[in-house]
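Read through the structure below, which is laid out as structure tokens, and then see the notes.
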Amino acid sequence: MKYGMQRYWFGDVMDGACTRAEGDARTLADRVSSLSTRREGFVPLHWEQARECGAVPDRAGYLAMLREVTSLLAERKIQAWSARGDAVLIQKVRMLEDLDRAANLVAERFQEWDRALHPGPRDQLREAAPRQALEEARGRAAGAQASVISSVDGLALARAALVQEVSTGAGEILPNCTALVGGLVAARLLSAAGSLDALARLPAASLQVLGARAALFAHLRTGSPPPKHGILYQHHRVHNAPRGRRGNVARTLAARLAIAARLDRYRGVRDEDFLQHADDAVRRAGRGT
Amino acid sequence: MIWIGGVLVSPGDRSLYGERMLQGHRVWDSRRSKFAALAHLGCEVDLLPALRVLYLGAAHGTTVSHIADYVESVYAVEIAPRPMQDLLSLARQRGNIVPIMGDATRPEEYAPLLERADLIYQDVASPRQAEIALAHRVFLREGGILLLMVKTRSIDATADPDEVTRGVIADISPSYRLKAAVPLDPYHRDHRALLCEGVK
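Chains as they are written, first to last, in our numbering: chain A, 301 to 589; chain B, 11 to 210.
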């Protein structure tokens, strides 16, 4: 059986004869990136072929050279991933969520601490929000309490700066999604999808319930009503819609978002025509006409 | 395989990712590694010193590092950039690990880097696990072993794990003969280990 030329990382093999690919690890990595191998007719290499054509002296040399090439290839791919920008934006979104969680956690504990420190009747019957308790204590807090308050202030500062960066970043990486639902919601959807590639491949039905995982799996397992919306609920068109129309608005919006995500991934610039039509569609869904 | 008082270990002079050391050996935890879980459940795949292993779904390299302690070489394939960075650090410390960043559903992208393996270990969170096993059959030598850790929830989140596993076994049957199917409970929920032999 004849297979024709086989192209490997160290060289080309044809009818048992090997032509070595010259060069260092960088050149060989370039070579591997440029090969387009097909499954049909591919025959895996024997490392001895690399020795026979003089690419490596022995088994140890083979592994050492190969490891250098594959590591370099991996490092390049990681660099490209980092440079795409969506990975960094996703980390910023998640940091934003963590900052909120951290600030709330500290504020809640502060409130309990303050209650123990200053017991007695309160003006309102209802418990104040933890962040409000922090504000009330601001004037009189001393020592560690004062220091905790300024830490929460610090978190709030970081949050404000981060919101700015997330909005800007979303506008650059997700111009169409951002135009549809705003930078923060667009960035949160990206974070939930995991990458721009993944977001662009999601069907509208998945986008619609992204962020409602618990409700979705409860639905699949027990047959409870399916979730109407997840992260999308945060968009004003959805949560301001009358109750009976929210599902429709979320579905329509998700359908346009699925297109917007593909535009963002494969074109990367705003499409005004598309955005105009999408906006009309979402508006109509809200009115039910 | 080395056992010290009922604990599976691998030869290695120091801890790599925070695992305990036991008499100068690295403890191989069955809750962190499906391979170790399988050994604890009585199905031991002997990692002989001469073996060449192709590992699909290497992740951070926890299991890879232990296997590499035993065998000649491990080709470790991983797609995600974050774990890949850990895998690269690991490979810098272990001369017999070949780190490959690639998508196991597209082996043609890294095929020119691979040689035939004696053992293929597959632990990939993909709905297309059977397809991946089939696509890598060409990289298994005659009589070689496939150890397929079926992640049933990645294939179908709601179906019965046994049913999903039966489907996988049927799908790979043209290329692999099943020798044993072991549920990995309680160490890894809804995972099944399939020990298979490559057929012509």
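A virtual CB, placed ideally from N, CA and C, is assigned to each residue, including glycine.
Keep in mind the model is a prediction, meaning the values are calculated, not measured.
For residue 13 of chain B, the secondary structure class from DSSP, reduced to helix, strand or coil, is strand. Within the same chain, Cβ atoms closer than 6 Å to the Cβ of residue 430 of chain A are found at 407, 408 and 411, the five residues on either side in sequence being excluded.
With fewer than 16 other Cβ atoms from the protein chains shown falling within 10 Å of its own Cβ, residue 422 of chain A counts as exposed. Membership of residue 539 of chain A in the alpha helix (DSSP H) is indicated by the continuous run 536-539.
With contacts defined as CB atoms closer than 8 Å, residue 492 of chain A and residue 480 of chain A fail to qualify as a contacting pair.
Per DSSP, reduced to three states, the secondary structure at residue 109 of chain B is strand. A buried status is given to residue 63 of chain B, since no fewer than 16 other beta-carbon atoms sit within 10 Å of its beta-carbon. For residue 130 of chain B, the enclosing beta strand (DSSP E) covers residues 127-132. Pairwise C-beta distances place the segment 445-457 of chain A out of contact with the segment 366-380 of chain A, as fewer than three of them are shorter than 8 Å.
DSSP places residue 65 of chain B in the strand class (E or B) of the three-state scheme. Here the segment 60-80 of chain B lies against the segment 123-140 of chain B, with 3 or more beta-carbon pairs under 8 Å apart.
Closest option to residue 114 of chain B, judged by alpha-carbon separation, among B:85, B:102 and B:92: B:85. For residue 477 of chain A, no pairing in a beta bridge is given by DSSP. Chain B has a Cβ within less than 8 Å of the Cβ of residue 339 of chain A.
Out of B:124, B:154, B:204 and B:151, the CA that lies nearest to the CA of residue 306 of chain A is found in B:124.
In terms of CA proximity to residue 81 of chain B, B:20 leads the group B:27, B:20, B:139 and B:90. For residue 430 of chain A, the enclosing alpha helix (DSSP H) has its first and last residue at 430-437. Remark: C-beta atoms of residue 588 of chain A and residue 545 of chain A approach each other more closely than 8 Å. Here residue 197 of chain B carries a coil assignment [DSSP, helix/strand/coil]. Taking a C-beta distance under 8 Å as the contact criterion, residue 570 of chain A and residue 476 of chain A qualify as a contact pair. Between residue 462 of chain A and residue 532 of chain A the beta-carbon gap is near 22 Å, outside 8 Å, which marks them as no contact. Contact of residue 322 of chain A with chain B is not assigned, every C-beta pair being separated by 8 Å or more. By the criterion of a C-beta distance shorter than 6 Å, residue 120 of chain B is surrounded in its chain by 110 and 112, once the five residues flanking it on both sides are discounted.
Residue contact check for residue 519 of chain A against chain B: no CB pair falls below 8 Å. Within the model, the alpha-carbon separation for residue 23 of chain B versus residue 48 of chain B is close to 24 Å.
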